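Accompanying notes for the structure given below.
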Amino acid sequence: MAQQFDLWGSLRRLRLIDPRKRQGSGFGPDAIVAQFLYCFAASGVSLADAERLEEDSPARRLARMDGFADETTLGEWLRAQTPESIRAFWNLIHEFIVWAAQRAEAGRWKYSGRAEVFFDDTQLEVTGKKFEGAKMNYNGDVALSWQTCWFGPWLADGHLGSPGDVSDALPEMLARQRRCGLGERVIFWPTAVRVRSSISQGSAARASRIGA
0 MAQQFDLWGS LRRLRLIDPR KRQGSGFGPD AIVAQFLYCF AASGVSLADA ERLEEDSPAR
60 RLARMDGFAD ETTLGEWLRA QTPESIRAFW NLIHEFIVWA AQRAEAGRWK YSGRAEVFFD
120 DTQLEVTGKK FEGAKMNYNG DVALSWQTCW FGPWLADGHL GSPGDVSDAL PEMLARQRRC
180 GLGERVIFWP TAVRVRSSIS QGSAARASRI GA
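Residues in the sequence shown are numbered consecutively from 0, following numbering that gives the first Met the number 0.
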């Protein structure tokens, strides 16, 4: 599917997410993203897991790569991203969602003929002193707020920041969805979810219909 969408070519053309001073050296954004995708598909959860792909020769052959980046290189690439490059990356994700939705059977991802938009504010509880933006949330836990907006089964937008208004990122997320072509009439499901360790608890607040 990545090849059909021309994901690797799209990433190479997305200059904003490539912090290299010399484009012909090191690992390009297509190689970095491919490594993360293979890592997550193999149940990896960390940069160290992604680095261990270097020991997996079948993965290198499948990815058509001579080698994978180490943990330090992956971390440097992530830290080099800016708000502008992150937004450009999300725009590419929006393009993929439009492309995939046009090819998927409507019955597999629509409800009563309509797309479902799902908004969620997940509280990610953290420990330690190195989590920028973490602060006390409504439950008295030190946490980060991960607000996400889903279009059907696809993650269409996300914002990681300090806990606060559980829906402060929602208006801009919906506006961006409309601008990128995901603005058809939908069924909207807002929820609030609190996560503690590996256990998550959610409650559906209400469902309302919104138009483009």
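Every residue gets a Cβ at the ideal spot worked out from N, C-alpha and C, and that includes glycine.
From a predicted model like this one, the values you see are computed outputs, not experimental measurements.
Express the C-alpha separation of residue j and residue i in angstroms, rounding to a whole number.
i	j	result
residue 139	residue 170	27 Å
residue 203	residue 111	Its pLDDT being 29, under 50, residue 203 is placed unreliably by the model, and nothing is read from it.
residue 207	residue 120	The pLDDT assigned to residue 207 is 31, lower than 50, so where the model puts this residue is not dependable; a value taken from the coordinates is nonetheless given after this. Their Cα atoms are separated by approximately 18 Å.
residue 48	residue 38	7 Å
residue 22	residue 14	10 Å
residue 36	residue 57	15 Å
residue 136	residue 146	14 Å
residue 1	residue 62	11 Å
residue 70	residue 159	22 Å
residue 85	residue 79	10 Å
residue 44	residue 186	32 Å
residue 209	residue 188	Caution applies to residue 209, whose pLDDT of 33 falls short of 50 and renders its modelled position unreliable; the value that the coordinates give is listed next. So the two alpha carbons sit approximately 10 Å from each other.
residue 122	residue 131	15 Å
residue 193	residue 24	Residue placement at residue 193 is poorly supported in this model, since its pLDDT is 40, which falls under 50; the coordinates still yield a value, given next. Roughly 43 Å separates the two Cα atoms.
residue 89	residue 106	26 Å
residue 34	residue 52	8 Å
residue 64	residue 102	29 Å
residue 91	residue 7	11 Å
residue 19	residue 46	19 Å
Among residues of its own chain, excluding the 5 on either side of residue i, which ones have a beta-carbon nearer than 7 Å to its beta-carbon?
i	result
residue 31	68, 73, 76
residue 27	11, 17
residue 98	4
residue 83	15
For residue i versus residue j, is the C-beta spacing smaller than 8 Å?
i	j	result
residue 116	residue 141	no
residue 114	residue 157	no
residue 144	residue 127	no
residue 134	residue 161	yes
residue 59	residue 66	yes
When DSSP labels each residue in this structure, what does residue i get in the three-state scheme?
i	result
residue 176	helix
residue 99	helix
residue 115	strand
residue 124	strand
residue 81	coil
residue 9	helix
residue 37	helix
residue 74	helix
residue 22	coil
residue 167	coil
residue 0	coil
residue 294	With the chain covering only 0 through 211, there is no way to say anything about residue 294.
residue 160	strand
residue 187	strand
residue 150	strand
Return the chain-ordered list of same chain residues with a C-beta closer than 6 Å to the C-beta of residue i, the five sequence neighbours on each side being excluded.
i	result
residue 148	118, 155, 156, 172
residue 168	146, 158
Here's a check: name, in chain order, each residue in its chain whose Cβ is nearer than 8 Å to the Cβ of residue i, leaving out the five neighbours to either side.
i	result
residue 176	93, 116, 148, 150, 155, 156, 182
residue 87	13, 15, 16
residue 9	91, 94
Compute every distance between the C-beta of residue i and the non-hydrogen atoms of the ligand COA, then say whether any falls below 7 Å.
i	result
residue 15	As for the ligand COA, it is missing from this structure, which has no ligand bound.
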